Each structure stands twice: as C-alpha cells, then as structure tokens.
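Student:
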Ligand code: TXA
Ligand code: MG
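Numbering (the numbering used here), first residue to last: 490 to 811.
#1: Just how far apart, CA to CA, sit residue 776 and residue 639?
#2: Answer with buried or exposed for residue 548, where buried requires no fewer than 16 other C-beta atoms within 10 angstroms of its C-beta.
#3: From what residue to what residue does the alpha helix (DSSP H) around residue 614 run?
#4: Spatial neighbours of residue 603 within its chain, please: C-beta separation below 7 Å, excluding the five flanking residues on both sides.
#5: Going straight from the alpha carbon of residue 741 to that of residue 554, what length do you get?
#6: Is the region 669-678 in contact with the region 529-542, if contact means three or more CB pairs nearer than 8 Å?
#7: Does the distance from the C-beta atom of residue 558 to that of residue 627 stay below 8 Å?
#8: Give the single residue among 735, 562, 762 whose Cα lies nearest to the Cα of residue 582.
#9: With DSSP as the reference, identify every bridge partner of residue 589, one or two as the case may be.
#10: Should residue 584 go down as buried or exposed, given a rule of 16 or more other Cβ atoms within 10 Å for buried?
#11: Can you list, in chain order, the stretches of the alpha helix (DSSP H) that have 4 or more residues and sit fully within the region 642-676?
#12: How far does the beta strand (DSSP E) with residue 514 in it extend, from its first residue to its last?
#13: Following a CB-centred definition, is residue 631 positioned closer than 7 Å to any heavy atom of the ligand TXA?
#14: Quick test of your reading: residue 597 and residue 539, contact by CB under 8 Å. State the CB separation rounded to the nearest angstrom.
#15: So what does residue 557 bridge to, in DSSP terms?
#16: Is residue 590 near the ligand ATP, in the sense that its beta carbon is under 7 Å from a heavy atom of that ligand?
#17: Given 7 Å as the limit, tell me if residue 595 has its C-beta closer than that to any heavy atom belonging to the ligand TXA.
#18: Quick one: grab the DSSP three-state call for residue 541.
#19: Answer yes if the region 614-621 comes into contact with the region 505-522, meaning at least three C-beta pairs across the two stretches below 8 Å, and no otherwise.
#20: State the Cα-Cα distance for the pair residue 501 and residue 732, rounded to the nearest angstrom.
#21: Does the ligand TXA have even one heavy atom less than 7 Å from the beta-carbon of residue 685?
#22: Thinking residue 566 and residue 594 are a contact (beta carbons under 8 Å), I'd like their distance in whole angstroms, please.
#23: Let me check you understand the geometry: is the CB of residue 553 closer than 7 Å to at least one non-hydrogen atom of the ligand TXA?
#24: Verify the contact flag: residue 559, CB atom, against every heavy atom of the ligand TXA, threshold strictly below 7 Å.
#25: Using a Cβ-Cβ cut-off of 7 Å (strictly less than) and excluding sequence neighbours within five positions of residue 809, which residues of its own chain qualify?
#26: Pull up the distance between the alpha-carbon of residue 551 and that of residue 798, whole angstroms please.
#27: State the CB to CB distance for the pair residue 807 and residue 737, rounded to an integer number of angstroms; the pair is presumed to be in contact (CB under 8 Å).
#28: Under the three-state reduction of DSSP, which class applies to residue 584: helix, strand or coil?
#29: For the alpha helix (DSSP H) that residue 772 lies in, which residues bound it at each end?
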C-alpha cells in the first residue's frame, strides 16, 4: 500500500501521460479518465499490480476486471473474436462497450478471476488510449472509487476516495458519459447482455440483427456472482490444520502440518504470509490443483483482514459449490 500523497498530473501534457505510463509499467496504480468513469488502472499482465487494485479499493471480493486496450490489433492479441464480437467492435469501439470473449493473451489470472474469458474494451477517451498505448500493456481498470462508493466522474472524485492509496491520478476533466460501459459476452454465436451501460441494448441489437439474450442465471451478472468465477473441481476443506491422506494442500505461510504433506501436492499461496502475493496466486493455484487431479484440498486458514477478506470470500464460494 502506497501511503504517500497521490500525484495529480495534467493529462493535457504528453510528458505527464508518459510519466503515468511508466508508473503502470513499473506495477503502480494510476487513476485515469475514460469517457464513462475514471478507471483505477494497473498492468493487467501482473498479478501483484492487479492485487494492488483490490487493496486500494478495499474490495471484499474478486470480480473479473475489464482489460483496456488502445486499438483493435491489441484486442485481437488478447481475445478470440467471433463474427458477432467483430461486428460490435467495429460499430462501437472506441467507446463505452466491453466485450467478454475467449482469452488468448497474457491478461493474468487474478484480473480474469480465473476465467477462460476476458473482458476487453477500447475506451473512447483519447487520453486513455494514449496512456494505455504508451504503457505497452493491457490495463485492468475498475471504477476508481472505494468499494461501495459511487463511481468517480472527475479527478477530484478519485482523490476524495483514493488519495494516498494510488500513485498518480491523470486529470482529463469530467467524464462525458458518466455511466459504466455496456458489457456483452460473445463466447459463441449468441451474444448475452451482462450489464446495461453507455450503449443501449437496442443499438447493439440493431448491429447484430438479432435480440440479445439475458444471462442464463437470470438478471444482471452481479459483482462477485459465483457463475462469473473460475470454479475448481476439487473439494475444498477450509481452515484446515493438516492434510489428510489423499488430500492436496493449499497453504498460507507454511501452516499446514508438514509431516502429512510428504509426497502430496502442496502449494503455498504465500510462504512469507503476504496477502497481496496470495491474492495474485489464488486463481492460478486453484487451476494448478485441478490440473494436478486433486479431488480434495486442505486449505489453510487465511487472515480475514485486507485482501484476506477477498481471498476468503472466493474460497468460501468455491467450497460451497461442492
Ligand atoms: O466503463 C467501464 O466499464 C469502467 C471504466 C473504468 O472502463 N470499468 C468498470 O469496471 O466498470 P468494473 O470492474 O466495475 O466492471 C467489471 C465487470 C465485472 O463486474 C464483470 O461483471 C464484468 O465486468 N466482466 C469482466 N470480465 C468478465 C468476464 N471474463 N466474464 C464475465 N464478466 C466479466
Ligand atoms: Mg464500479
């Protein structure tokens, strides 16, 4: 956590955009303007940088984040575009539309909440595109507010919530749209409206020439909703002190009794007990346990403060699903 004062830079100066981009490349947190709301940006390819987003927002759960890219060539490196996705991208990008497509790139597991898909958007703001292009990375960015607060439509709003918790805010003036992007999943040939937003459902249907489906689970995909996360096959036994015979282990800070672990598959989310490192590893390790064929996993207890609350939220959901 960065406790120094947040630097406010004027986005009109190219030098300031360059400086903010260097900060992103170095794993820092940058508030930046988009046409919808200010985003809280971090390098989407870095688990530890993305963990910093959750830490700064004080979010109690991990949602998949939108990866912002500067142009179509970058989008095509990150995702697979079926004809419907291509048509929507052509009609509405750059703009307030996020497309959820199969992931093909290097957006990290934590930014995707472990999913095989990725949410992509080319923002309409030229400042945002210049920043992202200069960073040379896809930029993960939820709205730049503390969890539970309203989305910020100006740099002053960002500082109200996050001053001292992020490195830089790039001031590009007020956001013209003011509501978040519309989210459409294009995972096969039947696009699904996941969140209404800056572009109307009617405008999207006009381009597709067919009606948008509602999510299969009904209603809007709520933040933290189970269906929007990677669900491990293995049975998770939480707050375990030791591994039982036949179990794999998901440890934190070396708590699981070592004698039982001989020859068993054991991963430690953070041997040094760092919650930010644990968050960055969580979805990758869950996937690795599945890949290793684990059917039962002893999960060590995780401290329930800071990012630990989000890790526990995810683990409880994963365990309840069995
Ligand atoms: O306008 C916006 O979209 C703003 C600006 C900063 O771009 N960003 C934003 O991000 O609203 P956020 O984190 O509040 O919304 C991300 C939402 C998630 O809650 C989830 O519903 C959806 O995007 N999402 C992202 N990736 C997804 C995926 N792979 N599958 C399903 N839903 C996904
Ligand atoms: Mg938000």
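Built from N, CA and C at the ideal position, the CB exists for glycine as well. All of these numbers come straight from a predicted model, not from anything done at the bench.
Tutor: Reading from the atomic positions:
#1: Reading the chain shown from its first residue, position 287 is the one you call residue 776. Reading the chain shown from its first residue, position 150 is the one you call residue 639. One C-alpha to the other measures close to 34 Å.
#2: For the purposes of this step, residue 548 is taken as residue 59 along the chain shown, with counting starting at 1. Classification for residue 548: buried.
#3: To locate residue 614, count along the chain shown from 1; it is residue 125. Per DSSP, residue 614 belongs to no alpha helix (DSSP H) and is neither H nor E.
#4: Counting from one through the chain shown, the residue named residue 603 turns up at place 114. Excluding residues within five positions, the ones whose Cβ falls inside 7 Å are 718, 719, 772, 775, 776.
#5: For the purposes of this step, residue 741 is taken as residue 252 along the chain shown, with counting starting at 1. For the purposes of this step, residue 554 is taken as residue 65 along the chain shown, with counting starting at 1. Distance between the alpha carbons of residue 741 and residue 554: 25 Å.
#6: no
#7: If you number the chain shown from 1, residue 558 lands on position 69. If you number the chain shown from 1, residue 627 lands on position 138. Against a cut-off of 8 Å, the Cβ pair of residue 627 and residue 558 comes out as a contact.
#8: If you number the chain shown from 1, residue 582 lands on position 93. Checked all of 735, 562, 762; the closest Cα to residue 582 is 562.
#9: Taking the first residue of the chain shown as position 1, residue 589 is located at position 100. According to DSSP, residue 589 bridges with 608, 674.
#10: Sequence index remark: in the chain shown, residue 584 carries index 95 (1-based). Buried: at least 16 other Cβ atoms inside 10 Å.
#11: 644-651
#12: As a working note, residue 514 is residue 25 in the chain shown. Run containing residue 514: none in the beta strand (DSSP E); it sits in the alpha helix (DSSP H), 503-514.
#13: On the chain shown, residue 631 is found 142 positions in, with the first residue counted as 1. Yes.
#14: One-based indexing of the chain shown puts residue 597 at position 108. One-based indexing of the chain shown puts residue 539 at position 50. Taking a contact as a CB-CB distance under 8 Å, the pair residue 597 and residue 539 counts as one, their CB atoms being some 6 Å apart.
#15: Working through the chain shown from its first residue, we reach residue 557 at position 68. DSSP, once it has assigned bridges, lists 610, 628 as partnering residue 557.
#16: No copy of the ligand ATP occurs in the structure displayed; its ligands are the ligand TXA and the ligand MG alone.
#17: As a first step, residue 595 must be located in the chain shown, where it is residue number 106. No, since every heavy atom of the ligand TXA falls outside the 7 Å radius drawn around the Cβ of residue 595.
#18: Mapped onto the chain shown, residue 541 falls at position 52. Three-state result, residue 541: helix.
#19: yes
#20: Counting from 1 along the chain shown, the entry for residue 501 is found at position 12. Counting from 1 along the chain shown, the entry for residue 732 is found at position 243. Approximately 57 Å, taken between the alpha carbons.
#21: Here residue 685 refers to the residue found at position 196 of the chain shown. Because no heavy atom of the ligand TXA lies under 7 Å away, the Cβ of residue 685 does not count as near it: no.
#22: Counting from 1 along the chain shown, the entry for residue 566 is found at position 77. Counting from 1 along the chain shown, the entry for residue 594 is found at position 105. Their Cβ separation, rounded to whole angstroms, is 5 Å, which keeps residue 566 and residue 594 in contact under 8 Å.
#23: Working through the chain shown from its first residue, we reach residue 553 at position 64. Because some heavy atom of the ligand TXA lies under 7 Å away, the Cβ of residue 553 counts as near it: yes.
#24: For the purposes of this step, residue 559 is taken as residue 70 along the chain shown, with counting starting at 1. Every heavy atom of the ligand TXA is 7 Å or more from the Cβ of residue 559, so no.
#25: For the purposes of this step, residue 809 is identified with residue 320 of the chain shown, where counting begins at 1. Spatial neighbours of residue 809 in its own chain (CB-CB distance under 7 Å, excluding positions within 5 residues in sequence) are not present.
#26: Taking the first residue of the chain shown as 1, we reach residue 551 at position 62. Taking the first residue of the chain shown as 1, we reach residue 798 at position 309. In this structure, the alpha-carbon of residue 551 lies about 10 Å from that of residue 798.
#27: Reading the chain shown from its first residue, position 318 is the one you call residue 807. Reading the chain shown from its first residue, position 248 is the one you call residue 737. Wrong, their Cβ atoms sit about 14 Å apart, outside the cutoff.
#28: In the chain shown, counting from the first residue as 1, residue 584 sits at position 95. Here residue 584 sits in coil by DSSP.
#29: Translated into the one-based positions of the chain shown, residue 772 becomes position 283. Where residue 772 is concerned, the enclosing alpha helix (DSSP H) stretches over 764-780.
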